[in-house]
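Novice: This is the structure I have questions about; it appears just below.
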Ligand code: IPD
């Protein structure tokens, strides 16, 4: 497990350095994906290519799932789940909350995760059962926070119909909590939760490459991660907070029927 983690960390650091160095000149080379606001920069592609090559060289038989290039099959029970830049819009605009996210899954279970936030100089790591770390500091999420005092991070999808419902939902959540934060990177939001910078997170429509590594980091910091109605976390819904707050936020969200799009 530690071998996976140190390889993932080395690769995430190398990709982050490349992105920081090239961002000033190349970040504006942009194409759109699922909607006019869903962008992929030339550097998303370059970062994923670098990560794929490093993983292939070190672990040739492993499977690979990347946001930009999709699934690459392999013989092994190990799969690398990679977001080469989570928070691409922040990256494009020069805001600091974007990350390289690398998770290692063995037989369907994430065992190691790294989230490198290069513009903040922060590298978050976790290994299953061995805690979550920011550099040398062990992370623990906030506990004992009631819903009314909770600082809640969330995000919005790229389709207008999804955003319409997400807007309705956040309008019902906002009066019941301390405040809302929309940071622009699911991976950074979950690491912020692990570090006690926010108390809770929810979002509809995130993908495994967004949450695989950071989800392990949040759970190893003591948080509960799941979907609605006892289901596992997934693209349909993601909810994360310390036990207690998780249930309170769940019971606020679930009756709003938030797993729908307009
Ligand atoms: C996005 C970010 C954002 C979240 C979106 C994601 P991308 O990932 O994580 O915070 O709200 O749902 O798609 O497109 O920047 O890799």
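In my numbering, the protein residues as written are 15 to 276.
Glycine included, every Cβ here is placed at the ideal spot set by N, Cα and C.
Going by beta-carbon coordinates alone, are residue 124 and residue 113 separated by less than 8 Å?
Specialist: No; because the gap between Cβ atoms is not below 8 Å, this pair is not in contact.
Novice: Consider the C-beta atom of residue 139 and the heavy atoms of ligand 1; say whether any pair is separated by less than 7 Å.
Specialist: No, Cβ of residue 139 sits at least 7 Å from all heavy atoms of ligand 1.
Novice: Could you work out which residue in 261, 49, 78, 37 is closest to residue 57 when comparing CA atoms only?
Specialist: Closest by alpha carbon: 37.
Novice: Going by alpha carbons, who is nearest to residue 267 out of 93, 21, 211, 187?
Specialist: Minimum Cα distance to residue 267 is reached at 187.
Novice: Assuming the contact rule is C-beta atoms closer than 8 Å, residue 194 and residue 184 should be a hit. Round their C-beta distance to whole Å, please.
Specialist: Contact flag correct, Cβ pair sits at about 6 Å.
Novice: Between residue 167 and residue 207, which are expected to be in contact by the criterion C-beta below 8 Å, what is the C-beta distance as a whole number of angstroms?
Specialist: Right, their Cβ atoms sit about 7 Å apart.
Novice: Taking just the CA atoms, how far does residue 271 sit from residue 263?
Specialist: When rounded, the distance between both Cα atoms is 13 Å.
Novice: Would you say the segment 241-251 touches the segment 148-160, given that touching needs at least three Cβ pairs under 8 Å?
Specialist: Result no; under three Cβ-Cβ pairs closer than 8 Å.
Novice: For ligand 1, is there any heavy atom lying closer than 7 Å to the beta carbon of residue 169?
Specialist: Checking the Cβ of residue 169 against ligand 1 gives yes.
Novice: Express the C-alpha separation of residue 232 and residue 240 in angstroms, rounding to a whole number.
Specialist: Cα-Cα distance, rounded: 11 Å.
Novice: I want to check one thing, is the minimum distance from the CB of residue 220 to the heavy atoms of ligand 1 below 7 Å?
Specialist: Yes, the beta carbon of residue 220 sits closer than 7 Å to at least one heavy atom of ligand 1.
Novice: Measure the Cβ-Cβ separation of residue 111 and residue 171 and say whether it is below 8 Å.
Specialist: Result no, Cβ atoms of residue 111 and residue 171 do not sit closer than 8 Å.
Novice: Cβ of residue 161 within 8 Å of Cβ of residue 134?
Specialist: In this structure, residue 134 does not lie closer than 8 Å to residue 161 by Cβ.
Novice: How about the segment 100-110 and the segment 209-216: do they share at least three Cβ pairs that are nearer than 8 Å?
Specialist: The answer is no - the segment 209-216 does not touch the segment 100-110, with fewer than three Cβ pairs under 8 Å.
Novice: So is the beta-carbon of residue 198 under 7 Å away from any non-hydrogen atom of ligand 1?
Specialist: Yes; taking the cut-off as 7 Å, the Cβ of residue 198 has a heavy atom of ligand 1 nearer than that.
Novice: Given the structure, does residue 81 come close to ligand 1, in the sense that its CB is under 7 Å from one of the ligand's heavy atoms?
Specialist: The answer is yes for residue 81.
Novice: According to DSSP, is residue 127 helix, strand or coil?
Specialist: Note: residue 127 maps to strand in three-state DSSP.
Novice: In angstroms with no decimal places, state the Cα-to-Cα distance between residue 84 and residue 175.
Specialist: Their Cα atoms are separated by approximately 25 Å.
Novice: Identify every run of the beta strand (DSSP E) within the segment 76-108, keeping only runs that are complete inside it and at least 3 residues long; order them along the chain.
Specialist: Runs found: 77-80, 84-86, 92-100.
Novice: Identify the continuous beta strand (DSSP E) that holds residue 254 and give its terminal residues.
Specialist: 252-255 is the extent of the beta strand (DSSP E) around residue 254.
Novice: Could you check if residue 101 belongs to the surroundings of ligand 1, using beta carbon to heavy atom distance under 7 Å?
Specialist: At least one heavy atom of ligand 1 is nearer than 7 Å to the Cβ of residue 101, so yes.
Novice: In angstroms, rounded to a whole number, what distance separates the CA positions of residue 22 and residue 275?
Specialist: Taking the straight line from one Cα to the other gives about 35 Å.
Novice: Here's the rule I'm using: 16 or more other beta-carbon atoms within 10 Å means buried, otherwise exposed. How should residue 203 be labelled?
Specialist: It is buried - the Cβ of residue 203 has at least 16 other Cβ atoms within 10 Å.
Novice: Is any non-hydrogen atom of ligand 1 found closer than 7 Å to the C-beta of residue 275, if you look at the structure I gave you?
Specialist: Residue 275: no, Cβ never under 7 Å from ligand 1.
Novice: Thinking C-alpha only, which one of 179, 226, 72, 219 is nearest residue 25?
Specialist: Cα-wise, what sits closest to residue 25 is 72.
Novice: Identify which residue in 256, 243, 227 has its Cα closest to the Cα of residue 100.
Specialist: Of the listed residues, the one whose Cα sits closest to residue 100 is 227.
Novice: Which word fits residue 115, buried or exposed, when buried means at least 16 other C-beta atoms lie within 10 angstroms of its C-beta?
Specialist: Label assigned to residue 115: buried.
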